[in-house]
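Peer 1:
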Amino acid sequence: MRIVFLFISLALARDVPFRYWGKDGAQMLSCADYVVHASNGVCRKSDYHWRDDSLTKCLCENEDIYKSMAGCLVGEHMDHQRPAQLFVNYCKSQGVWTNLFYFFEAYNSYREDARNANSSGALEAPIKVDKIELARWNEAYTTLYANKDRSFVFGMVLLCYWGAVFFAAAVFNWTTALFPQTRLWFNGRKSTALRRYFTLPAMRQSKLLSKKVGVLQFFSPSRLETTILVVFFLLTICLLASGIHFPKEDLLHNSKVVTKMHHIANRFGILGMSLVPLVVLLAGRNNILQWITRWNYGTFMLYHRWIARVCVFLIVIHSILACFRAGLAHVLTEVAGSAWLVCGYFGTICGIFICATGILRFRRAHYELFYVLHLVMGVVFLASSWVHLSRLGYSFLSTIAITIWLVDRAIRVVRLATFGFPVATVTMCANETLRVVIPKPRHWYAIPGGHSWLFFGPKFWQSHPFTCYESVSGRSLIFLCGIKGGVTGHVARSLALEPGKSKTMRVAVEGPYGESMPTKGHSSVVFLAGGNGIPGIFAEAYGKAHRHSPAKQRIKLYWSIRSVKSLCWFVEELDALANTKIETTVCISNPRFEADDIEFLGVGSWMAEKKLDDSSMAQVLSHLLSRRFPHVEFLYGRVKVDQVVEEETDLCSQSVAFISCGHPGMVDDLRRAVVKKIPETSKRVDYFEQLQSWA
Numbered sequence: 131m132r133i134v135f136l137f138i139s140l141a142l143a144r145d146v147p148f149r150y151w152g153k154d155g156a157q158m159l160s161c162a163d164y165v166v167h168a169s170n171g172v173c174r175k176s177d178y179h180w181r182d183d184s185l186t187k188c189l190c191e192n193e194d195i196y197k198s199m200a201g202c203l204v205g206e207h208m209d210h211q212r213p214a215q216l217f218v219n220y221c222k223s224q225g226v227w228t229n230l231f232y233f234f235e236a237y238n239s240y241r242e243d244a245r246n247a248n249s250s251g252a253l254e255a256p257i258k259v260d261k262i263e264l265a266r267w268n269e270a271y272t273t274l275y276a277n278k279d280r281s282f283v284f285g286m287v288l289l290c291y292w293g294a295v296f297f298a299a300a301v302f303n304w305t306t307a308l309f310p311q312t313r314l315w316f317n318g319r320k321s322t323a324l325r326r327y328f329t330l331p332a333m334r335q336s337k338l339l340s341k342k343v344g345v346l347q348f349f350s351p352s353r354l355e356t357t358i359l360v361v362f363f364l365l366t367i368c369l370l371a372s373g374i375h376f377p378k379e380d381l382l383h384n385s386k387v388v389t390k391m392h393h394i395a396n397r398f399g400i401l402g403m404s405l406v407p408l409v410v411l412l413a414g415r416n417n418i419l420q421w422i423t424r425w426n427y428g429t430f431m432l433y434h435r436w437i438a439r440v441c442v443f444l445i446v447i448h449s450i451l452a453c454f455r456a457g458l459a460h461v462l463t464e465v466a467g468s469a470w471l472v473c474g475y476f477g478t479i480c481g482i483f484i485c486a487t488g489i490l491r492f493r494r495a496h497y498e499l500f501y502v503l504h505l506v507m508g509v510v511f512l513a514s515s516w517v518h519l520s521r522l523g524y525s526f527l528s529t530i531a532i533t534i535w536l537v538d539r540a541i542r543v544v545r546l547a548t549f550g551f552p553v554a555t556v557t558m559c560a561n562e563t564l565r566v567v568i569p570k571p572r573h574w575y576a577i578p579g580g581h582s583w584l585f586f587g588p589k590f591w592q593s594h595p596f597t598c599y600e601s602v603s604g605r606s607l608i609f610l611c612g613i614k615g616g617v618t619g620h621v622a623r624s625l626a627l628e629p630g631k632s633k634t635m636r637v638a639v640e641g642p643y644g645e646s647m648p649t650k651g652h653s654s655v656v657f658l659a660g661g662n663g664i665p666g667i668f669a670e671a672y673g674k675a676h677r678h679s680p681a682k683q684r685i686k687l688y689w690s691i692r693s694v695k696s697l698c699w700f701v702e703e704l705d706a707l708a709n710t711k712i713e714t715t716v717c718i719s720n721p722r723f724e725a726d727d728i729e730f731l732g733v734g735s736w737m738a739e740k741k742l743d744d745s746s747m748a749q750v751l752s753h754l755l756s757r758r759f760p761h762v763e764f765l766y767g768r769v770k771v772d773q774v775v776e777e778e779t780d781l782c783s784q785s786v787a788f789i790s791c792g793h794p795g796m797v798d799d800l801r802r803a804v805v806k807k808i809p810e811t812s813k814r815v816d817y818f819e820q821l822q823s824w825a
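For our numbering, count along the sequence shown from 1 and bump the result up by 130.
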């Protein structure tokens, strides 16, 4: 019922346009309040906020009040043209016709007819301005609206900070993408130290393995990401504390405590709402900043979460201070039922709920519930904030955020419609992976190393991001989805009941998103995949070997798997590597196998009857695999990441790029090995990762 009330309020709310008041605006407001108080009830004064319809109409329509305003604005200011024009424009915005000629005619009448205010209640002439009393009103309004204006400017400063971060990322990433050889220019002592200690390492020992502190669970960002966030936090604190001034005698409030609460609440609220459009933009799948900065979606989600937490914190403090301020000013009961205030507190509650359900532990345990709650609460937050801000002149911030959200959703619908809703063949392989083969439109091309969001027909309301690639023939799109809980587990259970563990079902694909790594200028490119991390690695390596790789560039592919059965869902792709220049090595951690695990090798049932020790199993397996995949080198045991980095760096001529995707522990090990190797060689060593942590 509250949501229905909220949207009705949204449709009926009166939107006050944004105004940067400045000194002239504060003078106009102080004159307005002074004249209203001196009129002895001729104009009705709201106890909580001066801008209600009866007040503005009275200021502009009552002849004596209008003349009093003219006398106040012109008589006290050397530069009276701007406040006069501001008042004229304000009257026009309220539907009252006037102009500067009429305004100065009113001023001439004021000079002739003005009288001192009386207490009789009747107003028979313009009110003569009391300079001392007006100065008190002017001080109150100047400090109040100067703080509002300054708060808005500070909000723009926060956005400019992030704009500078995005601009720096765009310049660096696009320069290295368009001019790959520039990486070799920055391989001196200072550049190497910067990459070794700052841009590449994680803040702690690992970046992708989650950490636990009590009930909290989180990922550790890189040192560069941490620095960007820490500077943002410090800048926010400085802007919250800077430039807040309080009047010596405030006629707008009944105590100094209320005055301070009002000013501080405004600062927190305006800064918090200034961040909302950025929070929504960073969360969008079709975020244009991804193209501008060439950052992956996981990086934007990291910044989205932290900026959103700061935003909600500021809004919560604003709401608490505003509530206490209204109570101490004895107007809480008067305004408690107003739609704009109810929506303000309702939006605050939604923001708290969004942050509380957005912690990593809850996201991982109940992702689908988290997604639905995040979506619904986000919509309610934006709608309620619009209603709340429409009275205060800042609704354009919510309007921008809502527009960004709607545009992103519209593009997602277009992407879905463009791909269509084909019938896919879904097969469960080795009881660990779903192989989804989808006929694709001719105009649709997968991005090597990119990803798309996959919808399964039986659970059409759910979608998950998976790396995808085109089949060797180019006619199909292939997803390899690790079986976990949720929708993949549901599909796997249904396939277990089907003959051959395979069936067809209607699917939808939203994408493609992402982009390939900028490795065109490297003399060697080494891909390291673990388990189900192979699809994106294969797609990028295969695409590079066929279309994007320089003739002299060496490409090496490592794939680490637990057991031989994982090969059964990647046979077609391994066969395709035979006709490329890619040097492929597969590391099998556990050489033991069952007969069913190697059916794809064409081995008969006699294998099931043989009792072999580990050494014999490894020999038999090595023989079978070498015969089936003569172009692939098979090793047994865990992949030795440090050794891979050492050997591949020695083999490269000038530069080497390591690209990884797989288990977070393996990816972090490769990152550490690269960081360790950087100061030990004069060659350029770069590191990229496809693994993104979104859940």
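Virtual Cβ for every residue (Gly too), placed ideally from N, Cα, C.
Report the rounded CA-to-CA distance for residue 818 versus residue 522, giving the unit in angstroms.
Peer 2: Cα-Cα distance, rounded: 47 Å.
Peer 1: Compare the beta carbon distance of residue 598 and residue 582 with 8 Å and say whether it is the shorter of the two.
Peer 2: A contact, by the Cβ cut-off of 8 Å.
Peer 1: So what does DSSP say about residue 687, is it helix, strand or coil?
Peer 2: Reduced to three states, the DSSP call for residue 687 is strand.
Peer 1: Which one of 268, 453, 469 and 494 has the shortest CA to CA distance from residue 152?
Peer 2: Ranking 268, 453, 469 and 494 by Cα distance to residue 152 puts 268 first.
Peer 1: Ordered along the chain, which non-local residues of its own chain (more than five positions away) have a Cβ less than 8 Å from that of residue 601?
Peer 2: Within the same chain, residue 601 has close Cβ partners 567, 607, 608 and 702.
Peer 1: Return yes when at least one heavy atom of the ligand SAM lies under 7 Å from the C-beta of residue 482, else no.
Peer 2: The model on display carries no ligand, and the ligand SAM is accordingly not part of it.
Peer 1: Strictly by DSSP, which residues pair up with residue 380?
Peer 2: DSSP lists no partner for residue 380.
Peer 1: My output table needs one value for residue 642: the three-state DSSP class, helix, strand or coil.
Peer 2: Three-state result, residue 642: strand.
Peer 1: From what residue to what residue does the alpha helix (DSSP H) around residue 434 run?
Peer 2: Unbroken alpha helix (DSSP H) run through residue 434: 427-458.
Peer 1: Checking 8 Å against the spacing of the C-beta atoms, do residue 527 and residue 519 come in under that value?
Peer 2: Taking 8 Å as the Cβ cut-off, residue 527 and residue 519 qualify as a contacting pair.
Peer 1: Work out the CA separation of residue 614 and residue 788 for me, nearest whole Å.
Peer 2: Those two C-alpha atoms are separated by around 28 Å.
Peer 1: Can you tell which of 648, 458 and 515 has the C-alpha that lies nearest to the C-alpha of residue 404?
Peer 2: Taking only the C-alpha atoms, the option nearest residue 404 is 515.
Peer 1: Are there 16 or more other CB atoms within 10 angstroms of the CB of residue 666, so buried, or fewer, so exposed?
Peer 2: So residue 666 counts as buried.
Peer 1: From this set, 631, 536, 635 and 306, which residue's C-alpha is nearest residue 561's C-alpha?
Peer 2: If we check each option's Cα against that of residue 561, 631 comes out closest.
Peer 1: Please classify residue 367: is it buried, with 16 or more other beta-carbons within 10 angstroms of its beta-carbon, or exposed?
Peer 2: Exposed, because fewer than 16 other Cβ atoms sit within 10 Å of the Cβ of residue 367.
Peer 1: According to DSSP, what are the bridge partners of residue 596?
Peer 2: Residue 596 is bridged to 582.
Peer 1: Taking residue 770 as the reference, which of 398, 658, 634 and 279 has the closest Cα?
Peer 2: That would be 658, whose Cα lies nearest to the Cα of residue 770.
Peer 1: Which runs of the beta strand (DSSP E), 3 residues or longer, sit entirely within the region 356-426?
Peer 2: Counting whole runs of 3 or more residues, the region 356-426 contains no beta strand (DSSP E) stretch at all.
Peer 1: How would you write the range of the beta strand (DSSP E) that residue 790 sits in, first residue to last?
Peer 2: Taken as a continuous stretch (DSSP letters only), the beta strand (DSSP E) holding residue 790 covers 785-791.
Peer 1: On the CB-based measure, 16 or more other CB atoms within 10 Å of its CB, does residue 423 come out buried or exposed?
Peer 2: Counting Cβ neighbours within 10 Å, residue 423 comes out buried, since at least 16 surround it.
Peer 1: Pairs of beta-carbons, one from the region 572-589 and one from the region 700-718, closer than 8 Å: are there three or more?
Peer 2: The region 572-589, when compared against the region 700-718, does not touch it at the 8 Å Cβ threshold.
Peer 1: For residue 480 and residue 505, what's the separation of their Cα atoms in angstroms?
Peer 2: The alpha-carbon atoms of residue 480 and residue 505 are separated by roughly 11 Å.
Peer 1: Say whether the region 791-807 touches the region 280-296, bearing in mind that this needs 3 or more beta-carbon pairs closer than 8 Å, one atom from each stretch.
Peer 2: Flag = no, the region 791-807 and the region 280-296 do not touch.
Peer 1: I think residue 611 touches residue 563, with their Cβ atoms under 8 Å apart; what is that distance to the nearest whole Å?
Peer 2: The Cβ separation is near 7 Å, so the contact holds.
Peer 1: Using only CA atoms, which one of 719, 321 and 421 lies nearest to residue 808?
Peer 2: The shortest Cα separation from residue 808 among 719, 321 and 421 belongs to 321.
Peer 1: Using C-beta distances below 7 Å, list every residue in its chain close to residue 362, excluding the 5 sequence neighbours before and after it, in chain order.
Peer 2: Same-chain partners within the cutoff: 291.
Peer 1: What would DSSP say about residue 254, mapped onto helix, strand or coil?
Peer 2: Reduced to three states, the DSSP call for residue 254 is coil.
Peer 1: Determine the burial state of residue 780: buried for a count of at least 16 other Cβ atoms within 10 Å of its Cβ, exposed for fewer.
Peer 2: Answer is exposed; the Cβ neighbour count stays below 16.
Peer 1: Just mark residue 783 as buried or exposed, buried being the case when its beta carbon has 16 or more other beta carbons within 10 Å.
Peer 2: The residue in question, residue 783, is exposed, as its Cβ has fewer than 16 Cβ neighbours within 10 Å.
Peer 1: Please classify residue 433: is it buried, with 16 or more other beta-carbons within 10 angstroms of its beta-carbon, or exposed?
Peer 2: It is buried - the Cβ of residue 433 has at least 16 other Cβ atoms within 10 Å.
Peer 1: If I follow the unbroken beta strand (DSSP E) through residue 819, where does it start and stop?
Peer 2: Residues 814-819.
Peer 1: Should residue 195 go down as buried or exposed, given a rule of 16 or more other Cβ atoms within 10 Å for buried?
Peer 2: Its Cβ being crowded by 16 or more others within 10 Å, residue 195 is buried.
Peer 1: Could you tell me whether the region 234-250 touches the region 197-204, using the rule of 3 or more Cβ pairs below 8 Å?
Peer 2: Cβ pair count under 8 Å is three or more, so yes.
Peer 1: Can the beta-carbon of residue 406 be found closer than 8 Å to that of residue 531?
Peer 2: Contact: yes.
Peer 1: My output table needs one value for residue 660: the three-state DSSP class, helix, strand or coil.
Peer 2: In this structure, residue 660 counts as strand in the three-state DSSP scheme.
Peer 1: In three-state terms, what does DSSP make of residue 588?
Peer 2: Looking at residue 588 - three-state DSSP - the assignment turns out to be helix.
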